[in-house]
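Residues 1 to 400 in the UniProt record's numbering are what the sequence shown lists, from first letter to last.
First the structure, in the form of structure tokens, and then the observations on it.
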Amino acid sequence: MTYALVLNSGSSSIKFQVIDPHADAEADPKASGLVEQIGEPQGQITLKTGGEKFTLNTEIPDHSAGLSLAFELMEEHQVGPKDLDISAVGHRVVHGGMLFSHPEVITDEIIDMIRDLIPLAPLHNPANLDGIEVARRILPDVPHVAVFDTGFFHSMPPAAALYAINAEVALNNGVRRYGFHGTSHEYVSQQVPALLGLPAQAVNQITLHLGNGASCAAIRGGEAVDTSMGMTPLSGLVMGTRSGDIDPGIVFHLARNAGMSIDELDTLLNKQSGVKGLSGVNDFRELRKMIEAENQDAWLAYNVYIHQLRRYIGSYMIALGRVNAITFTAGVGENDRYVRADALAGLEPYGIKIDPERNAAPNTGAREISTDDSAVKVFVVPTNEELAIAQYAVELANRG
Ligand code: ADP
Numbered sequence: 001m002t003y004a005l006v007l008n009s010g011s012s013s014i015k016f017q018v019i020d021p022h023a024d025a026e027a028d029p030k031a032s033g034l035v036e037q038i039g040e041p042q043g044q045i046t047l048k049t050g051g052e053k054f055t056l057n058t059e060i061p062d063h064s065a066g067l068s069l070a071f072e073l074m075e076e077h078q079v080g081p082k083d084l085d086i087s088a089v090g091h092r093v094v095h096g097g098m099l100f101s102h103p104e105v106i107t108d109e110i111i112d113m114i115r116d117l118i119p120l121a122p123l124h125n126p127a128n129l130d131g132i133e134v135a136r137r138i139l140p141d142v143p144h145v146a147v148f149d150t151g152f153f154h155s156m157p158p159a160a161a162l163y164a165i166n167a168e169v170a171l172n173n174g175v176r177r178y179g180f181h182g183t184s185h186e187y188v189s190q191q192v193p194a195l196l197g198l199p200a201q202a203v204n205q206i207t208l209h210l211g212n213g214a215s216c217a218a219i220r221g222g223e224a225v226d227t228s229m230g231m232t233p234l235s236g237l238v239m240g241t242r243s244g245d246i247d248p249g250i251v252f253h254l255a256r257n258a259g260m261s262i263d264e265l266d267t268l269l270n271k272q273s274g275v276k277g278l279s280g281v282n283d284f285r286e287l288r289k290m291i292e293a294e295n296q297d298a299w300l301a302y303n304v305y306i307h308q309l310r311r312y313i314g315s316y317m318i319a320l321g322r323v324n325a326i327t328f329t330a331g332v333g334e335n336d337r338y339v340r341a342d343a344l345a346g347l348e349p350y351g352i353k354i355d356p357e358r359n360a361a362p363n364t365g366a367r368e369i370s371t372d373d374s375a376v377k378v379f380v381v382p383t384n385e386e387l388a389i390a391q392y393a394v395e396l397a398n399r400g
């Protein structure tokens, strides 16, 4: 049996999974884990395999040390590269800019191109590159593949991709809509034609990726035609801690009126806003408990979240003209029946009818939650970005 190693490297963490790319989407990976607090005095590595969890607490000075220690822990439990046949390594890369529309086998030239995109993703791409360089050093004989979060949206039409700001300034600075969560929107949307019993070409659909980060996409015949995230993952829907769309004039106002610096504004809008900014919590399970306890802030935060979500659903229905399916995915989308019901409540005149019983059923994989006579089908399809990355990695490695 061959496996793929999937790496998602952040600035102070590395998430990893060892996956059989042909396994069932709902199956547990062979191994999964997290290297945390890289660069801090006390770091931590966790590994889950065979239903057990192992933890190692130690100083992790950098990504290189983090990945080496993770491999040691994997080998201790017979799930490391020395024990298993790892045929490819898939790396999640956040920003592919205008340079990448598809996953790529990593070469020195590809690394230089990802480096050229650092100005567009100053926090994410350097961390992704760290992970790539370290993993290539540790596993030099295995093909490494980069899978870009923006790739699926590369072909969006200019009317959806361009911002109405000065064209020269935009061009010189790479200012345009790139979209994110592309691997998830693509993975989930590819399963919908089979659920409908229609050819992919014939399907118009809206996908709602509602996790801690959240985004939605309008997809016609398999091609993305619009998405809510923009030049950065800050725009669009209200998220756990991110504001989503706001009037850009607010930024000038807070700089002038409250004396906030660019970094303070960045932190405010990315980390202290969204559902958390309005209610104090970003986890929807906690938010629900607060709503049940009649906490007014939680209720308001929830309503702002739903209102914005409905705005986007409505605008994508118009953009697509005819919609065959609306699909919920990610932590909130897969698990929170209240969000699903409220996002689509009262839309019977548009052919959208949720079946309350189907909607309330537990999260058991891909399923329909609309009524049999709903003209627009509504689905829940669990996302699995790691499996999608593993499949790309192995496919490209085999082609190679
Ligand atoms: P990320 O964007 O970090 O990958 P996920 O897609 O895993 O996030 O979504 C995480 C979020 O999903 C949590 O913050 C929580 O709000 C929500 N969530 C997870 N499980 C449930 C549940 N059973 N009910 C409601 N919300 C849930």
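We put the CB at the ideal spot given by N, CA and C, even for glycine.
DSSP three-state assignment for residue i, whether helix, strand or coil
i, result
"Tyr338", "helix"
"Phe153", "helix"
"Lys82", "coil"
"Leu171", "helix"
"Leu186", "The sequence given here has Glu at residue 186, not Leu. Reduced to three states, the DSSP call for Glu186 is helix."
"residue 402", "Because the chain in this structure spans residues 1 to 400, residue 402 falls outside the shown range and cannot be described."
"Phe284", "helix"
"Leu5", "strand"
"Phe71", "helix"
"Lys30", "coil"
"Lys276", "helix"
"Gly249", "helix"
"Asn204", "strand"
"Ala361", "coil"
"Glu368", "strand"
"Val18", "strand"
"Thr383", "coil"
"Lys271", "helix"
"residue 402", "This structure cannot speak to residue 402, because the chain is shown only from 1 to 400."
"Leu210", "strand"
"Arg92", "strand"
"residue 462", "Because residue 462 is not part of the residues shown, which for the chain are 1 to 400, the question remains open."
Short Cβ contact (8 Å threshold) for residue i with residue j
i, j, result
"Leu237", "Ser228", "yes"
"Asn128", "Ile110", "no"
"Gly179", "Thr150", "yes"
"Ala366", "Pro356", "no"
"Asp336", "Phe284", "yes"
"Ala218", "Tyr316", "yes"
"Leu73", "Leu47", "yes"
"Ile45", "Ala23", "no"
"Gly240", "Asn282", "yes"
"Ala27", "Val18", "no"
"Ser273", "Arg242", "yes"
"His63", "Val169", "no"
"Val378", "Glu386", "no"
"Ala388", "Ala88", "no"
"Leu278", "Asp297", "yes"
"Val188", "Phe148", "no"
"Trp299", "Ile291", "yes"
Integer Cβ distance of residue i from residue j, believed to fall under 8 Å
i, j, result
"Gly66", "Ile38", "5 Å"
"Glu36", "Ser13", "5 Å"
"Ala345", "Asn359", "Rounded, the Cβ-Cβ distance is 11 Å, inconsistent with contact."
"Tyr163", "Leu84", "Actually they do not touch by this definition, with Cβ atoms about 46 Å apart."
"Asn363", "Glu334", "5 Å"
"Asn166", "Gly331", "About 38 Å separates the two Cβ atoms, so there is no contact after all."
"Gly351", "Ala375", "3 Å"
"Asn57", "Gln78", "No, Asn57 and Gln78 are not in contact; Cβ-Cβ is about 22 Å, not under 8 Å."
"Lys15", "Leu34", "5 Å"
Checklist line | Three or more C-beta pairs below 8 Å linking the region 166-183 and the region 122-134 | finding: no
Item checked: Touching by the beta-carbon criterion (3+ pairs, under 8 Å), the region 94-109 and the region 139-146 -> yes
Margin query: I'd like to know if the region 194-210 and the region 318-333 are in contact, where contact means that at least 3 CB-CB pairs between them fall below 8 Å.
Written below: yes
Next item on the list: Could you say if the region 95-103 and the region 156-163 meet the contact criterion of at least three C-beta pairs nearer than 8 Å?
Entry: no
Check: How about the region 252-265 and the region 220-227: do they share at least three Cβ pairs that are nearer than 8 Å?
Finding: no
Check: Which residues have a Cβ closer than 7 Å to any heavy atom of ligand 1, listed in chain order?
Finding: Gly211, Asn212, Gly213, Gly240, Asn282, Asp283, Phe284, Arg285, Arg288, Ala330, Gly331, Val332, Asn335, Asp336
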